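Student: To convert, note that position 180 of the sequence shown is 180 in UniProt numbering; the numbers rise steadily by one, no gaps.
Even for Gly, the Cβ is constructed at its ideal location relative to N, Cα and C.
Computed from a prediction, not measured in an experiment: that's the story for all the values here.
Questions regarding the structure given below will be posed in turn.
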Amino acid sequence: MNPATALATVLIDELVRCGLTDVVLAPGSRSAPLALAVHADSRIRLHVRIDERSASFLALGLARRSERPVALICTSGTAAANFHPAVIEAHESGVPLLLLTADRPPELRDTGASQTIDQIKLYGTAVRWFSEVGVPEDRPGQVAYWRSLACRAYQRSLGPTDPGPVQLNLSFREPLIPDGDASWCESLEGDANGPWIRARVAPPAVALHLPPTRRGVLVVGDGASNIRRYVAAAGMAGWPVLSEPNGGARYGDHAMSAYHFLLGTPEFADRHRPEVVVTLGRPGLSRSLLNWLRHADEHIVVAPDLARWPDPTRSATQVAQAVEIPVAAGDDAWLHSWRRADHAARAAIDEVLDGAGLSEPRLARDLADTLPNGSLLFSGSSMPIRDLDQAMRPRRGLRVLANRGAAGIDGVVSTAMGAALAHNGPAYALMGDLTFLHDQNGLILGPREPRPDLCVVVVNNDGGGIFSLLPQASLRDPFERVFGTAHGVDLAHVAAATGTPYTFVDEPDQLSKALRGEGPRIVEVRSDRESNAVLHAMMRDAAHAAIRQVM
1 MNPATALATV LIDELVRCGL TDVVLAPGSR SAPLALAVHA DSRIRLHVRI
51 DERSASFLAL GLARRSERPV ALICTSGTAA ANFHPAVIEA HESGVPLLLL
101 TADRPPELRD TGASQTIDQI KLYGTAVRWF SEVGVPEDRP GQVAYWRSLA
151 CRAYQRSLGP TDPGPVQLNL SFREPLIPDG DASWCESLEG DANGPWIRAR
201 VAPPAVALHL PPTRRGVLVV GDGASNIRRY VAAAGMAGWP VLSEPNGGAR
251 YGDHAMSAYH FLLGTPEFAD RHRPEVVVTL GRPGLSRSLL NWLRHADEHI
301 VVAPDLARWP DPTRSATQVA QAVEIPVAAG DDAWLHSWRR ADHAARAAID
351 EVLDGAGLSE PRLARDLADT LPNGSLLFSG SSMPIRDLDQ AMRPRRGLRV
401 LANRGAAGID GVVSTAMGAA LAHNGPAYAL MGDLTFLHDQ NGLILGPREP
451 RPDLCVVVVN NDGGGIFSLL PQASLRDPFE RVFGTAHGVD LAHVAAATGT
501 PYTFVDEPDQ LSKALRGEGP RIVEVRSDRE SNAVLHAMMR DAAHAAIRQV
551 M
């Protein structure tokens, strides 16, 4: 057996023993040993994509939804560089990825050899661990090295306290395909009962016990863990819960779905200074929330890994791996005050939306209301997730995800595809037209590839709608070209190019029917950027007025 085949066979086998189930492959020559090993292993679900960037975000979506490592394979050269945006998002979001980057052997580097670049620590500090595996050799001891290396890479990617991407750079000399000889200087087999190394998870950390208080608030952002436990504790303590849609805690009687408008009303924010705020995950959608956090007397950030904790406002007073929220005696005046204002704001917002036709925030609200229990909703990171944050009512049975680690618009179609493939139930995505066009390659699926049940809802306002809500909108002369970026693309033609079913919706009552179907499909809703900016201002004014009336 040639060394390249031996290394690839052993490495893939060991990763599967560790728990690997999905591999995403972008085709190439130097990665042939890995591709053939994966294709030959019936325990693996293989996904092939022609575009490395699309492949990497597909793997990101699979790993984000399944919460276990997914392997990503590419050939040498710029193929590996195209993984970088997804690696950054995985790093910031704590998503486990195994990057198996094929490389040319050392003697070809710095010689001008084709498809040869410096891949050593290519992703810098965005990976949890990097290893230059070395060119495989036919000598004793290699199998133990490869199997222990695979176990280390898998476990380091998984975490458990700090999951993220890991890169193994694999240099292969030719021949790159099996030579028909199965002999090797030592047994290639591992432990038939499991991985070469069994990693044991440490017991949970001792929780920080808080003094009992009724005037507390639980804030939940992207990437939060142990959500149900903390929401239940907040409920027993009489605390309101301020959860972003992708935080996973916008359900129940304590969820304040209009918190963005509550805290954007100065009179309410000033009168509702808590004694303590506990933050889970990474909040970052609402400026009014972030401004309010800056004035918290006691702000406790819960972070499973104390080497990295989110604190964009620099307001954290304590950081703990776990917090115990005790039941506190006293009346519910604090919670009732929040609820009264939240109900008033929600009613005012709904009245504005119901009278404005099929707008962007109404689409977000109605989509979140309409989807069946057990659904996945993957949101774009620009306006759609903010529309959900401001318009989505509390509900159970809906999992909302978004690429909010680095909050870029790239790779969203592919990430949604991956998340849908890992989700046990119907999946939907909500994104803007620029986000959709940025990753339209994500729609390209070969005839033998697993096909997700995913409905992609695209809000088409012919450009970058979020900029119309920012100060740049006042710069009338350059605005349209350098911020608005109108494109004039017919999305029906984009859908037709990949054979993806397409539906156009222009009335609110058409949405439910348009969402029906199976497999990948596209629903387009058109809107106007200027009208959308006016509507958001109306929502804000109506909500603030309603809040002031009940204070």
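Output the distance between the C-alpha atoms of P447 and A492, rounded to the nearest integer angstrom.
Tutor: As a position in the sequence shown, residue 447 is number 447, starting the count at 1. As a position in the sequence shown, residue 492 is number 492, starting the count at 1. Going from the Cα of P447 to the Cα of A492 covers about 21 Å.
Student: From P160, P178, R109, L188, pick the residue whose C-alpha is nearest to that of R139; which is it?
Tutor: On the sequence shown, residue 139 is found 139 positions in, with the first residue counted as 1. R139 has its Cα closest to that of L188, out of P160, P178, R109, L188.
Student: Could you check what DSSP says for C151 in three-state terms: helix, strand or coil?
Tutor: Within the sequence shown, residue 151 is the residue found at index 151, counting from 1. Correct three-state label for C151: helix.
Student: With N291 as the anchor, note down where its alpha helix (DSSP H) starts and where it stops.
Tutor: Taking the sequence shown and counting its residues from 1, one reaches residue 291 at position 291. Looking at the DSSP string, the run of the alpha helix (DSSP H) that includes N291 is 287-293.
Student: Please go through the same chain and pick out, in chain order, the residues whose beta-carbon is closer than 6 Å to the beta-carbon of D222, but skip the five residues on each side of it.
Tutor: The residue labelled residue 222 in the question sits at position 222 within the sequence shown. N246, G281, R282, R404, listed in sequence order.
Student: Keeping to the same chain, check which residues put their C-beta closer than 6 Å to that of R396; ignore five residues upstream and five downstream.
Tutor: Reading the sequence shown from its first residue, position 396 is the one you call residue 396. Within the same chain, R396 has close Cβ partners Y251.
Student: For D369, report the span of its alpha helix (DSSP H) as first-last.
Tutor: Indexing the sequence shown from 1 puts residue 369 at position 369. Element bounds for D369: 360-370.
Student: So, at 6 Å on beta carbons, what are the nonlocal neighbours of V456 in its own chain, with the 5 sequence-adjacent residues on each side left out?
Tutor: Start at 1 with the first residue of the sequence shown, and residue 456 comes out as number 456. So the qualifying residues of the chain are A429, I522.
Student: Out of H423, A4, E360, point me to the one whose CA is closest to D181's CA.
Tutor: Mapped onto the sequence shown, residue 181 falls at position 181. From the listed residues H423, A4, E360, the smallest Cα separation to D181 is found for A4.
Student: Per DSSP, what kind of secondary structure is T78 in: helix, strand or coil?
Tutor: The residue given as residue 78 occupies position 78 in the sequence shown. T78: helix per DSSP, three-state reduction.
Student: Roughly how far, in whole angstroms, is the beta-carbon of W184 from the beta-carbon of A6, given that I think they are within contact range, below 8 Å?
Tutor: Here residue 184 refers to the residue found at position 184 of the sequence shown. Here residue 6 refers to the residue found at position 6 of the sequence shown. Confirmed, about 6 Å.
Student: List, from N- to C-terminal side, the beta strand (DSSP E) runs of 3 residues or more that fit wholly inside the segment 356-431.
Tutor: 375-379, 398-402
Student: Determine the direct distance from the alpha carbon of A37 to that of P106, and round the result to whole angstroms.
Tutor: By 1-based counting over the sequence shown, the position of residue 106 is 106. By 1-based counting over the sequence shown, the position of residue 37 is 37. So the two alpha carbons sit approximately 23 Å from each other.
Student: Looking only at its own chain, which residues have a Cβ that is under 7 Å from the Cβ of A258, when we skip the five neighbours before and after it?
Tutor: On the sequence shown, residue 258 is found 258 positions in, with the first residue counted as 1. So the qualifying residues of the chain are D342, A345, R346, I349, A543.
Student: What does the Cβ neighbour count give for A80, buried or exposed, with the cut at 16 atoms within 10 Å?
Tutor: Sequence index remark: in the sequence shown, residue 80 carries index 80 (1-based). Buried: at least 16 other Cβ atoms inside 10 Å.
Student: Given this structure, state the Cα-to-Cα distance separating V301 from V277, to the nearest angstrom.
Tutor: Looking up residue 301 in the sequence shown gives position 301. Looking up residue 277 in the sequence shown gives position 277. Looking at the two C-alpha atoms, the distance is approximately 8 Å.
Student: Determine the extent of the alpha helix (DSSP H) in which H544 is found, giving its start and end residues.
Tutor: For the purposes of this step, residue 544 is taken as residue 544 along the sequence shown, with counting starting at 1. 529-550 is the span of the alpha helix (DSSP H), which, as asked, contains H544.
Student: Under three-state DSSP, which class holds I177?
Tutor: Position 177 of the sequence shown, counting from 1, holds the residue named residue 177. It is coil, neither helix nor strand.
Student: Compare the C-alpha of D393 against each of L98, G499, H254 and name the closest.
Tutor: Taking the first residue of the sequence shown as 1, we reach residue 393 at position 393. Note that residue 393 is Arg in the sequence shown here, rather than Asp. Nearest option by C-alpha distance: H254.
Student: Secondary structure at Q167, three-state DSSP: helix, strand or coil?
Tutor: As a position in the sequence shown, residue 167 is number 167, starting the count at 1. In this structure, Q167 counts as strand in the three-state DSSP scheme.
Student: What's the call for M539, buried or exposed, on a 16-neighbour Cβ count within 10 Å?
Tutor: Within the sequence shown, numbered from 1, the residue matching residue 539 stands at position 539. It is buried - the Cβ of M539 has at least 16 other Cβ atoms within 10 Å.
Student: What's the gap between the Cα of S157 and the Cα of A63?
Tutor: As a position in the sequence shown, residue 157 is number 157, starting the count at 1. As a position in the sequence shown, residue 63 is number 63, starting the count at 1. Computed Cα separation, rounded: 11 Å.
Student: Assign G194 to one of two classes, buried (16 or more other C-beta atoms within 10 Å of its C-beta) or exposed (fewer than that).
Tutor: Position 194 of the sequence shown, counted from the start, is the residue given in the question as residue 194. Exposed, by the Cβ-count rule.
Student: With three or more C-beta pairs closer than 8 Å as the rule, is the segment 288-298 touching the segment 367-380?
Tutor: no
Student: Closest by CA to T500, which one among G159, A126, I444?
Tutor: Within the sequence shown, residue 500 is the residue found at index 500, counting from 1. Nearest to T500 by alpha-carbon distance, out of G159, A126, I444, is I444.
Student: Could you work out which residue in G19, L20, L60, R339 is closest to S93 when comparing CA atoms only?
Tutor: Against the sequence shown, residue 93 aligns to sequence position 93. Answer by Cα proximity: L60.
Student: Between which two residues does the alpha helix (DSSP H) harbouring G235 extend?
Tutor: As a working mapping, residue 235 is identified with position 235 in the sequence shown. Run containing G235: 227-237, per the alpha helix (DSSP H) assignment.
Student: How many Å lie between R516 and E267 at the Cα?
Tutor: As a position in the sequence shown, residue 516 is number 516, starting the count at 1. As a position in the sequence shown, residue 267 is number 267, starting the count at 1. Each residue's alpha carbon lies about 44 Å from the other.
Student: Less than 8 Å between the CB atoms is what I'm expecting for H86 and F57, so what's the real figure, rounded?
Tutor: Counting from one through the sequence shown, the residue named residue 86 turns up at place 86. Counting from one through the sequence shown, the residue named residue 57 turns up at place 57. As written in the sequence, residue 86 is Ala, which differs from the His given in the question. A86 to F57, Cβ: 5 Å. Contact.
Student: Bridge partners for N460 per DSSP, in chain order?
Tutor: Translated into the one-based positions of the sequence shown, residue 460 becomes position 460. DSSP lists R526 as partners of N460.
Student: Measure the alpha-carbon distance for I385 versus A402 and round it to whole angstroms.
Tutor: Within the sequence shown, the letter at position 385 stands for residue 385. Within the sequence shown, the letter at position 402 stands for residue 402. About 8 Å.
Student: Within the continuous beta strand (DSSP E) that includes H39, where are the two ends?
Tutor: Sequence index remark: in the sequence shown, residue 39 carries index 39 (1-based). Not the beta strand (DSSP E): H39 falls in the alpha helix (DSSP H), residues 32-40.
Student: Helix, strand or coil for G216? Go by DSSP, reduced to three states.
Tutor: Here residue 216 refers to the residue found at position 216 of the sequence shown. G216 falls in the strand class under three-state DSSP.
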